Amino acid sequence: MLVTKDLSKFFYGFKALDGVSIEVEPNKLTLIVGPNGSGKTTLINTITGFYRADSGHVFFNGEEITNRPPHEIYKRGIVRTFQIPQPLKKLSVLENMLIAVDNPGENIMGCISRGWEKREEEIVEKASGLLEFLGLDDLWNTEAWKLSGGQLKLLEVGRALMADAKLIIMDEPMVGVNPELAASILDKFVELKRYTTFLIVEHRFEIISRHVDRIKVMVNGRIVDEGSEEFKEVIDMLCFR
Ligand SMILES: Nc1ncnc2c1ncn2[C@@H]1O[C@H](COP(=O)(O)OP(=O)(O)OP(=O)(O)O)[C@@H](O)[C@H]1O
Ligand SMILES: [Mg+2]
Numbered sequence: 003m004l005v006t007k008d009l010s011k012f013f014y015g016f017k018a019l020d021g022v023s024i025e026v027e028p029n030k031l032t033l034i035v036g037p038n039g040s041g042k043t044t045l046i047n048t049i050t051g052f053y054r055a056d057s058g059h060v061f062f063n064g065e066e067i068t069n070r071p072p073h074e075i076y077k078r079g080i081v082r083t084f085q086i087p088q089p090l091k092k093l094s095v096l097e098n099m100l101i102a103v104d105n106p107g108e109n110i111m112g113c114i115s116r117g118w119e120k121r122e123e124e125i126v127e128k129a130s131g132l133l134e135f136l137g138l139d140d141l142w143n144t145e146a147w148k149l150s151g152g153q154l155k156l157l158e159v160g161r162a163l164m165a166d167a168k169l170i171i172m173d174e175p176m177v178g179v180n181p182e183l184a185a186s187i188l189d190k191f192v193e194l195k196r197y198t199t200f201l202i203v204e205h206r207f208e209i210i211s212r213h214v215d216r217i218k219v220m221v222n223g224r225i226v227d228e229g230s231e232e233f234k235e236v237i238d239m240l241c242f243r
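With the sequence shown counted from 1, adding 2 to any position gets you my numbering.
Structural data, given as structure tokens:
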């Protein structure tokens, strides 16, 4: 579904991405791990249009999206979350879900023929269903700033699904979330793979490893081969720290 080919990114002569080629399969959870500074966040930023690639290509469902602006990439169904969740804090949980719908007026003819109210109803129904699944339904009317770190992660995923995300890219989503809650959040991600795909950067390997379908290891701006010494070293380091 997502393919990068020989993606490179320089910062003032320093090669942060050195010919990265990866494939992300649909309806799977793919994990990227690697030492600090190995280029994981840079890769995410380059895929999602926040950084310009210096060379190489990014394809999404067969279409080239290299260096397209972030909002266009978002519209195609790639939604990224940040280390610090960014909901609108003064709005309620439900309002945050509703405004995530990218363009409620999309397919205007469809809306007119079915009636705008019907469309609104569908959106609210979808939001309510998702909040229930995510265990946030009791908080629907709570302002987002009152949520815990874990609840904010769930809200972010809910917002991504309201925007019809086909691929959800998350940078260290489990930072500051206690292990038990993290495991239950990841259980939900596993169930949501029926509808979407996850690409996650996460250091907390002990929590996430059993939820993962594919693992990519990044070292010095490169994806290293599975089975190589470097791959094993990184996994061992993560397992035993
Ligand atoms: N905007 C930038 N300007 C200059 N250098 C940058 C920029 N962003 C990242 N870098 C450099 O690129 C390299 C890769 O950084 P990146 O943040 O992608 O690593 P990372 O794998 O996400 O690390 P961490 O695990 O610590 O989050 C680092 O050497 C970093 O200093
Ligand atoms: Mg990072």
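Backbone N, C-alpha and C define an ideal beta-carbon position, used for all residues, glycine too.
On a predicted model such as this, the values are computed, not experimentally measured, just so you know.
Sheet register partners of residue i (DSSP bridge)
i: residue 34; result: 203 and 218
i: residue 20; result: 10
i: residue 62; result: 4 and 65
i: residue 57; result: 10
i: residue 26; result: 4
Continuous beta strand (DSSP E) stretch holding residue i: start and end
i: residue 46; result: Careful: residue 46 lies outside any beta strand (DSSP E), inside the alpha helix (DSSP H) at 42-49.
i: residue 236; result: Careful: residue 236 lies outside any beta strand (DSSP E), inside the alpha helix (DSSP H) at 231-241.
i: residue 224; result: 224-226
Alpha-carbon spacing of residue i relative to residue j, whole angstroms
i: residue 222; j: residue 139; result: 43 Å
i: residue 106; j: residue 161; result: Low per-residue confidence applies at residue 106: pLDDT is 49, beneath 50, and the placement is therefore not dependable, though the value from the model is reported in the following sentence. Spanning the two alpha carbons is a distance of roughly 14 Å.
i: residue 7; j: residue 41; result: 16 Å
i: residue 53; j: residue 69; result: 8 Å
i: residue 13; j: residue 71; result: 19 Å
i: residue 196; j: residue 33; result: 17 Å
i: residue 173; j: residue 39; result: 13 Å
i: residue 45; j: residue 19; result: 7 Å
i: residue 149; j: residue 123; result: 26 Å
i: residue 51; j: residue 188; result: 26 Å
i: residue 153; j: residue 11; result: 34 Å
i: residue 229; j: residue 27; result: 20 Å
i: residue 216; j: residue 35; result: 11 Å
i: residue 81; j: residue 159; result: 9 Å
i: residue 213; j: residue 84; result: 20 Å
i: residue 30; j: residue 210; result: 14 Å
i: residue 17; j: residue 128; result: 43 Å
i: residue 183; j: residue 233; result: 29 Å
i: residue 64; j: residue 3; result: 7 Å
i: residue 57; j: residue 165; result: 30 Å
i: residue 178; j: residue 55; result: 31 Å
i: residue 132; j: residue 37; result: 35 Å
i: residue 94; j: residue 134; result: 15 Å
i: residue 126; j: residue 167; result: 17 Å
i: residue 49; j: residue 89; result: 22 Å
i: residue 227; j: residue 91; result: 42 Å
i: residue 186; j: residue 218; result: 23 Å
i: residue 206; j: residue 231; result: 21 Å
Bounding residues of the alpha helix (DSSP H) (the contiguous stretch that carries residue i)
i: residue 67; result: Run containing residue 67: none; DSSP gives neither H nor E here.
Whole-angstrom C-beta distance between residue j and residue i, which should lie under 8 Å
i: residue 237; j: residue 200; result: Residue 237 to residue 200, Cβ: 19 Å. No contact.
i: residue 136; j: residue 190; result: 6 Å
i: residue 204; j: residue 176; result: 6 Å
i: residue 163; j: residue 198; result: 7 Å
i: residue 5; j: residue 61; result: 4 Å
i: residue 142; j: residue 96; result: 4 Å
i: residue 24; j: residue 225; result: 6 Å
i: residue 66; j: residue 73; result: With a Cβ gap of about 17 Å, residue 66 and residue 73 do not count as contacting.
Just list the alpha helix (DSSP H) runs in the region 143-217, keeping only unbroken ones of 4 residues or longer that don't cross its boundaries, in chain order. Listed in chain order, the complete alpha helix (DSSP H) runs (minimum 4 residues) inside the region 143-217 are 151-164, 181-194 and 207-210.
Length at least 3, wholly inside the region 72-98: the beta strand (DSSP E) runs in chain order: As far as the region 72-98 is concerned, its whole beta strand (DSSP E) runs of at least 3 residues are 80-83.
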